[in-house]
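Presented below is the structure to which this report refers.
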Amino acid sequence: MSRVAKKPIALPKGVECNISAEHVSVKGPKGTLKLTRVHGVNVAVENGHVQFTAAAEHMPMAGTSRALLANMVTGVSKGYERKLELVGVGYRAAMQGKELNLSLGYSHPVLFKVPEGITITTPTQTEILVNGADKQLVGEVAAKIRGYRPPEPYKGKGVKYSDETIIRKEAKKT
């Protein structure tokens, strides 16, 4: 069996795991998330721990299911956060209701509708914080915002992750 699937997931205080025939749902202080069960992978809750077992032909999916469920447990208890920075003269971000208004050097402002389950805050005009319980959705939203103006290698202007380093190129010499 997968080595990842052998390790049980500890459920923190305030987190419940309900197992049905089709889904595994995790409920906590930050929300509720559902995972579709994979055929052949058995899930059981014992003494505050979630355990996975699988038949021989379904072993690879046991590790994947365990990793997804562990991310869900972390998400509903602590949550996930991605921090973006805007680098460039005149680049600004501001929340307007349920939309993120981005000024990224285009002739028009870029309006990004915030999906359900995600919270976006702008502590300063050049910082964007994306928060949520679903790790995949937080990363996807941050990548979409970054995709409007990815950082360019000559001046480093654009939307970048806070922990991202941009490898700068030297300008052409004539």
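Here the sequence shown stands for residues 506 to 679, where the numbers follow this note's numbering. Just so it is clear, CB atoms sit at the ideal spot from N, CA and C, and this is done for glycine as well.
Nearest candidate by alpha-carbon position, reference A572, set V592, A561 and V548
Per the Cα distances, V548.
Candidates M600, I623 and I625: which alpha carbon is nearest P614's?
Nearest option by C-alpha distance: M600.
Pick helix, strand or coil for L609, following the three-state DSSP scheme.
Coil at L609, not helix or strand.
Quick check: L589 and S667, are their CB atoms within less than 9 Å of each other?
Contact: yes.
For the beta strand (DSSP E) that E632 lies in, which residues bound it at each end?
Residues E632 to G637.
Exposure of K674, with buried meaning 16 or more beta-carbon neighbours within 10 Å
So K674 counts as exposed.
Roughly how many angstroms lie between the CA atoms of S612 and K665, to the nearest whole one?
Computed Cα separation, rounded: 21 Å.
Is it right to say A510 is buried, meaning 16 or more other beta carbons lie within 10 angstroms of its own, or is it exposed?
Buried.
Go to V531, then tell me how far its beta strand (DSSP E) extends in each direction, as first and last residue.
Per DSSP, the unbroken beta strand (DSSP E) holding V531 starts and ends at H528 to G533.
Since L589 is in the beta strand (DSSP E), which residue starts that stretch and which ends it?
Y585 to V592 is the extent of the beta strand (DSSP E) around L589.
Per the DSSP calculation, V664 is bridged to which residue(s)?
Answer is L591.
Less than 6 Å between C-beta atoms, sequence neighbours within five positions excluded: which residues of the same chain meet that for V635?
Only R587, I625, V643, V646 and A647 meet the Cβ criterion.
Given the structure, does M600 come close to the ligand PLP, in the sense that its CB is under 8 Å from one of the ligand's heavy atoms?
You won't find the ligand PLP in this model; it holds no ligand whatsoever.
Identify which residue in T569, A567 and A515 has its Cα closest to the Cα of E551.
Ranking T569, A567 and A515 by Cα distance to E551 puts A515 first.
Cα-Cα separation between N523 and A559, rounded to whole angstroms:
So the two alpha carbons sit approximately 19 Å from each other.
Under three-state DSSP, which class holds R673?
In this structure, R673 counts as coil in the three-state DSSP scheme.
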